[in-house]
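Here is the structure we will look at.
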Amino acid sequence: MSKITTIRGMNDLPPEEVRVWNFAEEIIQKVFNSYGYEEIRFPIVEKTELFTRSNESADIVTKEMYTFEDKGGDSISLRPEGTAGCVRAAIDNDLIRVDSPRLWYQGPMFRYERPQKGRSRQFQQSSAEVFGIRSAEIDAELIILSSRIWKELGIEGNLNLEINNLGDEKTRKSYAKSLQAYFKAFEKDLDEDSRRKLDENPLRILDSKSESVQSLLKGAPNISEFISKDSEKEFNELTLLLGTAGIEFSVNQKLVRGLDYYNQTVYEWKTDQLGAQDTVCGGGRYDNLVEELGGKSCPATGFSIGMERLILLINETLDLSLENENIDLFFVCLSKESIQKAIMYSESLRENVSKLGIKINMGLEGAGSQFKKADKSGASFALILGDDELKNKTISMKGLRSKSDQETLSYEDLEKRIKKTYK
Ligand code: ATP
Ligand code: MG
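Here my numbering is used: the first residue of the sequence shown is 350, the next is one more, and so on.
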């Protein structure tokens, strides 16, 4: 243990785990890019107001936000989610006025909640957001894109899609009233949190994790009773498109999202492999947020993947055993002088053969343990510099991936050989 521990709920990722993250992130980025989505980056810290304005009564704003006063006395917050910052950045950079941007980003989010499996205080999201398109087709594209990510990762069999229609504001107001009336009758059976939500935001009770509330929900009214004809038509278009694309889903009438700004389409990809924290990805439309944050009225839609949960699922279901793929050559050095020589040879090789990965061992261990390290490094060849090689200005080379004899070559011949192998 180091003298100073990490902050609770904020975790390190040792190199071995980072390999799995890189595997997943590379695939996700490739898929985003292949649908014409472009990466955007924006700050991790923003004015607190940005998050409070977009999400007045959401838990992440009222209870979970990391908020500080900076040295100038301004209230700033670590971003609890990415959408608000992305909307702000899209407005400020004039992306929305000029085009209907399709964007992606990834990075850390911060929420002060109780750490457990699949829930931490610093966590990572990979997200897509689209501005300026209001149609079932763009929501279908986003869902199809997310499903493509699961396929490319090889985990599509472990995720189920649930969708719901939250309608427009009028729908949600009428539904909230009806839910309120229903739950009022059971007020004494509600947990404290749900009782508070009963007045503030009754729809959020649907998201309660309490078992007694969940069982009460079975008898609660459904939102579909309040949906307008137009909204229903759009939702039907979406379900039809998903069906045609071969994407299985179930309609969950009790599905609401944790943030206030959603309307019309919402969805979650869930797994039964991870226990309680079962939502790996969530998304939906938020057609009023751009205007609320000061932009011109503009429809918007997007989703976020919770990367910790995705990585847990990958580790649970795939047998990856990833190696370090960056090292091609591993120098076994038997003296201080040979290390110095290896540094010079390596630079010359890097100069002449592009993208070559070379690691020089500097521990001066015995040859046996250096070869073990060479094997573990993921390199294809060991290059050996012992006393004889130094004396004769040669290098010995041994294949590590298949049984092969050690060969001794001049530097020039070695370079030719490496060039041929890695051109
Ligand atoms: P939950 O109900 O699990 O708290 P949420 O509705 O608060 O999730 P969103 O705000 O929709 O989550 O974020 C999208 C995704 O980010 C979630 O589906 C989840 O995979 C992930 N996520 C959210 N909070 C955390 C957290 N504290 N730690 C790890 N992942 C998280
Ligand atoms: Mg949450």
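Backbone N, C-alpha and C fix where the C-beta goes; we use that ideal spot for every residue, glycine too.
Q755 versus D737: straight-line alpha-carbon distance, rounded: Position 406 of the sequence shown, counted from the first residue, corresponds to residue 755. Position 388 of the sequence shown, counted from the first residue, corresponds to residue 737. Rounded to the nearest angstrom, the two C-alpha atoms are 14 Å apart.
Could you give the DSSP three-state label for P364: helix, strand or coil? On the sequence shown, residue 364 is found 15 positions in, with the first residue counted as 1. DSSP places P364 within a helical segment (H, G or I) once states are collapsed to three.
With a threshold of 16 other CB atoms inside 10 Å of the CB of P429, please say whether the residue is buried or exposed. Within the sequence shown, numbered from 1, the residue matching residue 429 stands at position 80. With 16 or more other CB atoms across the displayed protein chains lying within 10 angstroms of its CB, P429 is buried.
Endpoints, beta strand (DSSP E) assigned at Q473: Position 124 of the sequence shown, counted from the start, is the residue given in the question as residue 473. Residues Q471 to F480.
Measuring CB to CB, does G644 end up less than 9 Å from I445? Here the question's residue 644 lines up with position 295 in the sequence shown. Here the question's residue 445 lines up with position 96 in the sequence shown. Yes. Within cutoff.
For Q455, is the beta carbon positioned less than 8 Å from some heavy atom of the ligand ATP? Numbered from its first residue, the sequence shown carries residue 455 at position 106. Q455 Cβ: outside cutoff for every heavy atom of the ligand ATP.
In three-state DSSP terms, what is T354? Taking the sequence shown and counting its residues from 1, one reaches residue 354 at position 5. Collapsing the DSSP output to three states places T354 in coil.
Closest to Q455 by CA distance: which of R463, D419, R390 and A407 is it? Taking the sequence shown and counting its residues from 1, one reaches residue 455 at position 106. Ranking the options by Cα distance to Q455, first place goes to R390.
Exposed unless 16 or more other CB atoms sit within 10 angstroms - verdict on M458: Here the question's residue 458 lines up with position 109 in the sequence shown. Answer is buried; the Cβ neighbour count reaches 16.
Sort out for me which residues DSSP pairs Q378 with in a bridge. What you label residue 378 is simply residue 29 of the sequence shown in a count that begins at 1. Looking at the DSSP assignment, Q378 forms no beta bridge with any residue, so it has no partner.
Provide the residue span of the alpha helix (DSSP H) that contains T770, from first to last. The sequence position of residue 770 within the sequence shown is 421, counting from 1. Counting along the chain, the alpha helix (DSSP H) containing T770 begins and ends at Y760 to Y771.
Kindly indicate which residue of T593, N741, L758 and L705 has the alpha-carbon position closest to the one of K768. For this step, residue 768 is matched to residue 419 along the sequence shown. Ranking the options by Cα distance to K768, first place goes to L705.
I want to check one thing, is the minimum distance from the CB of L604 to the heavy atoms of the ligand ATP below 8 Å? Taking the first residue of the sequence shown as position 1, residue 604 is located at position 255. The ligand ATP never approaches L604 closely enough for any of its heavy atoms to be under 8 Å from the residue's Cβ.
Count the other CB atoms, across all protein chains shown, that sit within 10 Å of the CB of T354; report buried if there are 16 or more and exposed otherwise. As a working note, residue 354 is residue 5 in the sequence shown. Of the residues assessed, T354 falls on the exposed side of the cut-off, its CB having fewer than 16 other CB atoms within 10 angstroms.
Pairwise C-alpha distance: S729 and N675: Here residue 675 refers to the residue found at position 326 of the sequence shown. Here residue 729 refers to the residue found at position 380 of the sequence shown. Cα-Cα distance, rounded: 10 Å.
Do S561 and L528 count as a contact pair if the criterion is CB distance below 9 Å? Your numbering for residue 528 matches position 179 in the sequence shown. Your numbering for residue 561 matches position 212 in the sequence shown. In this structure, L528 keeps its C-beta atom at 9 Å or more from the C-beta atom of S561.
Exposure of N442, with buried meaning 16 or more beta-carbon neighbours within 10 Å: As a working mapping, residue 442 is identified with position 93 in the sequence shown. Per the 10 Å Cβ criterion, exposed.
Where do the N-terminal and C-terminal ends of the alpha helix (DSSP H) with V605 fall, by residue? For the purposes of this step, residue 605 is taken as residue 256 along the sequence shown, with counting starting at 1. In the DSSP annotation of this structure, V605 is not part of any alpha helix (DSSP H), being labelled neither H nor E.
Can you grab the Cα-Cα spacing for the pair L713 / I733, in whole Å? Stepping through the sequence shown from its first residue, residue 713 is reached at position 364. Stepping through the sequence shown from its first residue, residue 733 is reached at position 384. So the alpha carbons of these two residues sit roughly 12 Å apart.
Look up E388 in the DSSP assignment and give the residues it is bridged to. Translated into the one-based positions of the sequence shown, residue 388 becomes position 39. In the DSSP secondary-structure assignment, E388 is bridged to W453.
Residues that Y635 bridges to, as DSSP identifies them: Numbered from its first residue, the sequence shown carries residue 635 at position 286. Bridge partners of Y635: none, in fact.
At which residue ranges does the stretch 409-454 contain complete alpha helix (DSSP H) runs of 4 or more residues, listed in the order of the chain? Whole alpha helix (DSSP H) segments, 4+ residues: 432-441 and 444-447.
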